[in-house]
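Trainee: In full-length UniProt numbering, the protein residues as written are 1 to 156.
No residue lacks a Cβ here, since even glycine has one placed at the ideal position from N, Cα and C.
Please read all numbers here as calculations on a predicted model, not as lab measurements.
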Amino acid sequence: MVLSCGPIDGDQPTVLDIMGKLRLHGNVALAQGCLIDVGPQAVVEIGQQTYINPRTQLIIKHGLRIGEYCAISWECQFLDEDFHALTYEGQRPVETPEIVIGNHVWIGNRVCVYKGTVIPDGCVVASNSVVKGIFTEENLLLAGNPAKVIRRNVQW
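1. Going by other Cβ atoms of all chains shown within 10 Å of its Cβ, with 16 needed for buried, is Arg-55 buried or exposed?
2. Put Met-1 into one of helix, strand or coil per three-state DSSP.
3. Rounded to whole angstroms, how far is the Cβ of Val-130 from the Cβ of Cys-112, which I believe are closer than 8 angstroms?
4. Can you check whether the CB of Asn-103 is closer than 9 angstroms to the CB of Trp-74?
5. By DSSP, does Asp-57 sit in helix, in strand, or in coil?
6. In chain order, which continuous runs of the beta strand (DSSP E) of length 3 or greater are located wholly inside the region 21-87?
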């Protein structure tokens with residue numbers, strides 16, 4: 001396992017706040033200025049040959065799985081928790097909070113990925129998109145707020 005925290009710009013520290021479990025499979029590159037916050041009950045798994053670019057934040061209180069050969073661009077944010085309970089009509093909605101990113105997924109800069117999201121193998125997420133939901137088809141181009149399918153059968 002190799003965790004690289006190389007310099008990119010300035011002197012922003014990379015912060016690892018691991019209270020739960022962080023599992024890195026093979027070589028994983030983590031650029032300067034990233035924040036990885038893994039809560040006490042959480043498990044974060046990152047596949048081999050995945051790289052996470054500067055100032056990306058993984059704030060995980062339940063679970064995050066990122067597959068192999070993924071490219072996570074600058075200033076992305078992964079949150080699997082709302083941090084404040086919200087009830088309406090007397091009930092709090094039940095959701096599966098874990099985030100699952102397949103293999104060979106490219107996530108553009110400043111993308112936000114929220115709880116319960118599933119992005120299958122081979123997908124590309126356009127910059128500045130907000131992703132929440134379960135996508136089931138591989139090789140999609142996702143974009144927008146909220147992210148939706150823009151194209152199918154994309155290759156990168």
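Mentor: In brief:
1. Within the sequence shown, residue 55 is the residue found at index 55, counting from 1. With 16 or more other Cβ atoms inside 10 Å of its own Cβ, Arg-55 counts as buried.
2. To locate residue 1, count along the sequence shown from 1; it is residue 1. Model confidence at Met-1 stands at a pLDDT of 40, short of 50, so the residue's coordinates are unreliable and nothing is read from them.
3. Position 130 of the sequence shown, counting from 1, holds the residue named residue 130. Position 112 of the sequence shown, counting from 1, holds the residue named residue 112. Contact flag correct, Cβ pair sits at about 5 angstroms.
4. Walking along the sequence shown from the start, residue 74 turns up at place 74. Walking along the sequence shown from the start, residue 103 turns up at place 103. In this structure, Trp-74 lies away from Asn-103, with their beta-carbon atoms at least 9 angstroms apart.
5. Numbered from its first residue, the sequence shown carries residue 57 at position 57. The sequence given here places Gln at residue 57; Asp does not occur at that position. Three-state DSSP puts Gln-57 in a strand.
6. Listed in chain order, the complete beta strand (DSSP E) runs (minimum 3 residues) inside the region 21-87 are 21-24, 27-30, 35-38, 43-46, 50-52, 57-60, 63-66, 77-79.
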